[in-house]
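Counting from 1, position 16 in the sequence shown corresponds to residue 16 in the UniProt record's numbering; the numbering is continuous, with no gaps. We treat Cβ as the ideally placed atom computed from N, Cα and C, and that holds for glycine. Treat the numbers as computed from the prediction; the structure is a model and nothing was measured.
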Amino acid sequence: MGFVELNLTGIIQLLNFLILLFVLYKFLYKPFLQIADKRREKIQSDLASAEKELKEAQEMKKQAHDALESARKSADGIISEARQKSEEIINQAKVKAREEAEKVLNSARNEIEREKKQALQEIEKRAGEIAVTLALKILQGVLDEKAKREYLINILNKEKEK
């Protein structure tokens, strides 16, 4: 009977071991596998999400870089255009200043010419008066009244003809 007892004990131990395996599989291993699978899925999902966000971040970085380059080019264009416009304004101001200076100079020349003509006319008038006065003084002692008149009329007619 010792042999059967042993055998029965071995069978009971085997049965206990199988029950333990079943209980462990059912309550520990299977939930552990489920938790591990969920964890693996979450990690894969997080990795996919991280890769997607990384690609989006790289795309946003590229867009920001492109926008910055575009802004730089635009700013350079604006600065260049402003320089050209300022040069045009300066050149226009120079031309206008030259024109104004030319107008002032021409006006001054015309005024000088007018005053010169007026002065010459005044000198001619005064010279005529002086000549008549001088002639009268010279003729006072030499000619009589009738001769003086004729001589003066003659001189005045010559002056008018000039």
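In the DSSP assignment, the alpha helix (DSSP H) including residue i goes from what residue to what residue?
| i | result |
| --- | --- |
| Tyr25 | That residue, Tyr25, is in no alpha helix (DSSP H); it is neither H nor E in DSSP. |
Which same chain residues, not among the five before or five after residue i, have their C-beta less than 8 Å away from its C-beta?
| i | result |
| --- | --- |
| Arg40 | none |
| Leu134 | none |
| Leu47 | none |
| Ser107 | none |
Residues in the same chain with beta-carbon distance under 7 Å from residue i, minus the five sequence neighbours each way, listed in chain order, please.
| i | result |
| --- | --- |
| Ala82 | none |
Looking at the ligand FAD, does it come within less than 7 Å of residue i, judged from the CB to the closest heavy atom?
| i | result |
| --- | --- |
| Asn154 | The model on display carries no ligand, and the ligand FAD is accordingly not part of it. |
Below 6 Å CB to CB, which residues in the same chain sit around residue i once its five sequence neighbours on both sides are set aside?
| i | result |
| --- | --- |
| Val4 | At Val4, the pLDDT of 48 sits below 50, so the modelled position is not reliable; the number obtained from the coordinates is stated separately. Nothing meets the Cβ criterion. |
| Ala145 | The sequence given here has Glu at residue 145, not Ala. Excluding sequence neighbours, Glu145 sits near nothing in its chain. |
contact_flag[the segment 123 to 140, the segment 153 to 161] where n(CB pairs < 8 Å) is 3 or more: yes
Can you give, in chain order, each stretch of the beta strand (DSSP E) that sits fully within the segment 35 to 104 and has at least 3 residues? none
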